[in-house]
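If you're matching positions, the first sequence starts at 11 in the numbering used here and goes up one per residue. Where a beta carbon is used, it is the ideal one built from N, C-alpha and C, also for glycine. Before any comments, here is the structure.
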Amino acid sequence: MLQVAVIREQTNKVLEGLRKRNFKDAENLINLILKKDALRKETQKALDDRKAKANADAKKIGELIKAQKNDEANALRASIGEAKETTKAMEASLNESEKEVIDLLYKIPNIPHESVPAGFGADDNLKVYEHGLLPQLSLDALPHWELIKKYDIIDFDLGNKIAGAGFPVYKGKGAKLQRALINFFLDEAEKQNYKEIQPPIVVNEASGYGTGQLPDKEGQMYFIQEDGLYMIPTAEVPITNLYRDVILNEEDLPVKNAGYTPCFRREAGSWGAHVRGLNRLHQFDKVEIVQIRKPDESYQALDEMCAYVQSLLEKLELPYRKLLLCGGDMGFNSALTFDMEVYAAAQQRWLEVSSVSNFETFQANRLKLRYKTKEGKIHLLHTLNGSALALPRIVASILENNQTSDGIKIPKALIPYTKFDIIN
RNA sequence: GGAGAGAUGCCAGAGUGGUUGAAUGGGACGGUCUCGAAAACCGUUGUGCGGGUAACUGUACCGAGGGUUCGAAUCCCUCUCUCUCCGCCA
Numbered sequence: 011m012l013q014v015a016v017i018r019e020q021t022n023k024v025l026e027g028l029r030k031r032n033f034k035d036a037e038n039l040i041n042l043i044l045k046k047d048a049l050r051k052e053t054q055k056a057l058d059d060r061k062a063k064a065n066a067d068a069k070k071i072g073e074l075i076k077a078q079k080n081d082e083a084n085a086l087r088a089s090i091g092e093a094k095e096t097t098k099a100m101e102a103s104l105n106e107s108e109k110e111v112i113d114l115l116y117k118i119p120n121i122p123h124e125s126v127p128a129g130f131g132a133d134d135n136l137k138v139y140e141h142g143l144l145p146q147l148s149l150d151a152l153p154h155w156e157l158i159k160k161y162d163i164i165d166f167d168l169g170n171k172i173a174g175a176g177f178p179v180y181k182g183k184g185a186k187l188q189r190a191l192i193n194f195f196l197d198e199a200e201k202q203n204y205k206e207i208q209p210p211i212v213v214n215e216a217s218g219y220g221t222g223q224l225p226d227k228e229g230q231m232y233f234i235q236e237d238g239l240y241m242i243p244t245a246e247v248p249i250t251n252l253y254r255d256v257i258l259n260e261e262d263l264p265v266k267n268a269g270y271t272p273c274f275r276r277e278a279g280s281w282g283a284h285v286r287g288l289n290r291l292h293q294f295d296k297v298e299i300v301q302i303r304k305p306d307e308s309y310q311a312l313d314e315m316c317a318y319v320q321s322l323l324e325k326l327e328l329p330y331r332k333l334l335l336c337g338g339d340m341g342f343n344s345a346l347t348f349d350m351e352v353y354a355a356a357q358q359r360w361l362e363v364s365s366v367s368n369f370e371t372f373q374a375n376r377l378k379l380r381y382k383t384k385e386g387k388i389h390l391l392h393t394l395n396g397s398a399l400a401l402p403r404i405v406a407s408i409l410e411n412n413q414t415s416d417g418i419k420i421p422k423a424l425i426p427y428t429k430f431d432i433i434n
């Protein structure tokens, strides 16, 4: 959520940013917010004045009663009666104004960083880096959804039987590979001074609002009606919400957390072509890294996080490319996002395995996540997060890229974790 | 699931209707003292939204939301959470 003050003081910059996102009707919405907020201020000023008088009167009545001047006290008391109704009405209208402003603010996406290219969709994203040679497979190479059957390591039919489509069952070496990847990613994160966090995989409504899943994106999350809990779509949600309503001391920064969780996504409406096998699931595993930074350090942190994610892909010997997302393809909350895509050689497709973003103050403003400087000043912080990494598509490319006539070779870096070097 | 108790500032903990944003203690920070430290003593120790260049100032906030009252941390209602005991149980 943007700050009203930013919209008020940098209106043109905000409008320009929204244009880059191809955000429709920005001007009207922004003007409406400014108008509603001006009304809010005006109402508050009038209400505060009124309350100041009421407080003074109440004090006076107390003093009069103490001084045994009951007649005067009663006279004053009688004069107040009608004013209360008006005050109550003003309070209601203030509440309404505040709510209207917030509801409008929820509709405005984050302002893109100046380096974000204009564009409408995935085709306009900018490839900023590519690493590794694309494997040349033999003609009889199989896509991963065939390989998992051939070696009996992941079973979609069984998942379908006990849960539904998009909930695979990992078996034998398939299960061990999952566990190996999770441990590998967590160990690597620890080497980079990320603190390991194991959060709940359900969150309450306030947390959904904190990181921006709510309102509007509730359709993407599984919801447990009985208890009002949402199953997390990513560890970003619980780990970032740890810092909701928190004022950190400057010396506590930076915060670097990493956590493994399963992630749950309803993916309503996005089912169709190109989602075979592991390409898109309702439940998948992911290690997420989250950083909380002072504003002047956040872009340096974003670079560090990208470099770290890239180092993981290099250790896994997967060819990848790094994309700078264009305004039209960026997430609602993000100011700047890099996607990492690995190449799945049998499908001959690039698969997104990581998305690394700087949200600047957009989440922090909702979360009320701030820090106090040594001088005692309070400022919003910047939040960042990235996948490091999401498992299924990594598994898909390992399976496809490393298939040989003898079986599937495990990347060297993973063997200490899998304790086998081939799936056959 | 049943019964009871509770929720106050960074922490502990007073406060049952009237200048209480909140006693007291601890912690932290600053100062005096000291070669330095400890001890002792003195001081500081909110957040949001307004107004003001600023000093400062108005208002709200004692789990959340309502209500009673001229006036609520204090009384009433609803909700949430925590603790204790019992039951169940990985």
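Pull up the CB-CB distance for residue i and residue j, whole angstroms please, since I reckon it's below 8 angstroms.
i, j, result
"residue 141", "residue 345", "Not a contact, Cβ separation roughly 25 angstroms."
"residue 315", "residue 366", "5 angstroms"
"residue 331", "residue 351", "5 angstroms"
"residue 400", "residue 296", "4 angstroms"
"residue 393", "residue 302", "6 angstroms"
"residue 347", "residue 341", "6 angstroms"
"residue 229", "residue 185", "Between residue 185 and residue 229 the Cβ distance is about 31 angstroms, and since that is not below 8 angstroms, they are no contact."
"residue 234", "residue 273", "About 16 angstroms; that fails the 8 angstroms criterion."
Less than 6 angstroms between C-beta atoms, sequence neighbours within five positions excluded: which residues of the same chain meet that for residue i?
i, result
"residue 336", "127, 129, 134, 135"
"residue 388", "380, 382"
"residue 73", "none"
"residue 318", "202"
Which one of the options has the shortest CA to CA distance from residue i?
i, options, result
"residue 384", "431, 260, 102", "260"
"residue 364", "389, 338, 333, 378", "333"
"residue 153", "420, 410, 414, 426", "410"
"residue 320", "12, 195, 58", "195"
"residue 156", "79, 267, 427, 413", "413"
"residue 429", "168, 229, 183", "183"
"residue 211", "203, 248, 228", "248"
"residue 292", "225, 275, 244", "275"
"residue 177", "137, 427, 102, 294", "294"
"residue 304", "288, 257, 15, 285", "257"
"residue 359", "329, 378, 168", "329"
"residue 115", "234, 197, 28, 398", "28"
"residue 200", "36, 52, 299", "299"
"residue 288", "169, 397, 235", "169"
"residue 325", "386, 32, 415, 398", "398"
"residue 395", "100, 285, 312", "312"
"residue 285", "362, 37, 251, 267", "362"
"residue 55", "386, 103, 81, 35", "103"
"residue 191", "271, 386, 109", "271"
"residue 323", "349, 241, 306, 226", "349"
"residue 391", "36, 219, 268, 262", "262"
"residue 193", "310, 433, 427", "427"
"residue 175", "93, 290, 146", "290"
Who are the Cβ neighbours of residue i in its own chain at under 8 angstroms, not counting the five residues just before and after it?
i, result
"residue 343", "119, 120, 221, 222, 367, 369, 372, 373"
"residue 12", "24, 115, 118, 120, 121, 372, 375"
"residue 132", "339"
Can you name, in chain order, every residue of its own chain whose Cβ lies under 7 angstroms from the Cβ of residue i, other than the five neighbours on each side?
i, result
"residue 214", "238, 239"
"residue 67", "86, 90"
"residue 17", "24, 40, 43, 44"
"residue 357", "153, 410"
"residue 70", "86"
"residue 144", "329, 353, 355"
What do you get for residue i, buried or exposed, if any count of 16 or more other CB atoms within 10 angstroms of its CB means buried?
i, result
"residue 105", "exposed"
"residue 125", "exposed"
"residue 424", "buried"
"residue 139", "exposed"
"residue 88", "exposed"
"residue 255", "exposed"
"residue 158", "buried"
"residue 197", "exposed"
"residue 188", "buried"
"residue 51", "exposed"
"residue 246", "buried"
"residue 386", "exposed"
"residue 96", "exposed"
"residue 148", "exposed"
"residue 47", "buried"
"residue 267", "buried"
"residue 217", "buried"
"residue 107", "buried"
Using 8 angstroms as the cut-off, can you tell me whether the segment 146-164 makes contact with the segment 396-409, which would need three or more C-beta pairs spanning the two stretches below that distance? Judged by Cβ distances under 8 angstroms, the segment 146-164 makes contact with the segment 396-409, as three or more pairs qualify.
May I ask you to verify whether the segment 418-434 touches the segment 201-210, counting CB pairs closer than 8 angstroms and requiring at least 3? Under the three-pair Cβ rule at 8 angstroms, the segment 418-434 does not count as touching the segment 201-210.
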